[in-house]
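Residue numbers for the first sequence, in the numbering used here: 579 to 811. Backbone N, C-alpha and C define an ideal beta-carbon position, used for all residues, glycine too. Structure record follows, encoded as structure tokens.
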Amino acid sequence: MGRKPCCDKAHTNRGSWSKEEDDRLIHYIRLNGHGFWRSLPKAAGLLRCGKSCRLRWINYLRPDVKRGNFAIDEDELIIKLHKLLGNKWSLIAGRLPGRTDNEIKNHWNTHIRRKLISGGINPKTHQPTKPITTEETNCSSALTITTTTDNTEKPQQPPPKQQPNQFPGEEEEHINLELTLALFPTPSESTAESKLRRTTTPDGPDEAFLVTKHYSNLIPKRGEKNNQHYLET
DNA sequence: AACGGGTTCAACCGCGCAACT
DNA sequence: TAGTTGCGCGGTTGAACCCGT
């Protein structure tokens, strides 16, 4: 007995979306807003799974999605946020206006990860895979993150808390980043609500929890229509 | 031009969680 | 309280594309 499928696969389209399907979805959401993804495909006249509609909207059709290459400063921010949050792509996406979690995840896996590895940085731990020289620490924008000397493989997420006095300036940078995260919630962080709920551990809140708890009360509750701004363009 | 290997990224899958009944 | 439902997430897949030969 497995989990029952989210939709009837025999009667749903799969694979790439056609222009007509896109148009239908956009038209429906413009008129009715989104949410209720399970019932949306039927209401919109689409032979698609609700999850598929949601994904298509969030990652591609949403009017504020920024497409195209990532800027260097975006790369650097992703690296910093990844160091702080781990593979919390939705939270990272919340700090990059117009970027989606899927896009960032792909970009990480195809570009940034490789760049870090080639620079001698373990992309999971953000620790050097080998002792690095002073020159190496200055040679690449991807390596502007300061690192610790602890080389041991850690669980992927969340990243370990910063220890004081690791490197001059690092703690300050970390605090600044956390403050930024805390003070400027973005619409896409409606998703942070679920993160908030799921990131407490028996040992206490993890890093993502500490970040998200600051603005959790600003996040619309489940069921509220919280993304109307997408339709206002 | 054709082929093959590598890369990219849109889409799918299964799971965890909170809300609901 | 237990079972069900729906949403959102991270990981994975595979088709399309790119590039060198």
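Contact between the region 588 to 596 and the region 618 to 633 is present: 3 or more CB-CB pairs across the two stretches fall below 8 angstroms. An exposed status is given to F614, since fewer than 16 other beta-carbon atoms sit within 10 Å of its beta-carbon. Excluding sequence positions up to five before and after W635, its CB lies within less than 7 angstroms of the CB of L603, I607 and H612, all in the same chain and listed in chain order. In the three-state scheme derived from DSSP, where H, G and I count as helix and E and B as strand, P706 is classed as strand. About 7 angstroms separates the beta carbon of L674 from that of I682, a gap short enough to meet the 8 angstroms contact definition. At a cut-off of 4 residues, the continuous stretches assigned as alpha helix (DSSP H) that sit fully inside the region 620 to 703 are 628 to 634, 650 to 663, 667 to 672, 679 to 685 and 691 to 696. Non-local C-beta neighbours of I656 in its own chain, meaning closer than 8 angstroms and more than five positions away in sequence, comprise F648, I670, L674, I682, H685, W686 and I690, ordered along the chain. Per DSSP, reduced to three states, the secondary structure at R608 is helical. Inclusion of D600 and L639 in the CB contact set at 8 angstroms is warranted, their separation being smaller than that value. Its chain contains no residue whose beta carbon lies nearer than 6 angstroms to that of H660 once the 5 sequence neighbours on both sides are disregarded. For a cut-off of 8 angstroms, the C-beta gap from K644 to R677 is around 6 angstroms, short enough to register as a contact. Taking the Cα positions, N637 is about 15 angstroms away from S596. Taking the C-beta atoms as reference points, P641 is found no nearer than 8 angstroms to C631. Around the beta carbon of T703, 16 or more other beta carbons sit within 10 angstroms, so the residue counts as buried. Of the other Cβ atoms in all chains shown, fewer than 16 fall within 10 Å of the Cβ of D651; this residue is therefore exposed. Take T707, set aside five residues on each side of it, and the residues of its chain with a beta-carbon closer than 6 angstroms to its own are G698 and N700, in chain order. Distance check between D653 and each of E598, A621 and R692 places R692 closest, using alpha-carbon atoms only.
G646 counts as exposed, since fewer than 16 other C-beta atoms from the protein chains shown sit within 10 angstroms of its C-beta. Comparing C-alpha distances from Q705 to each of W667, K658 and D679 shows the shortest one belongs to K658.
By the C-beta density criterion, L609 is exposed, having fewer than 16 other C-beta atoms within 10 angstroms.
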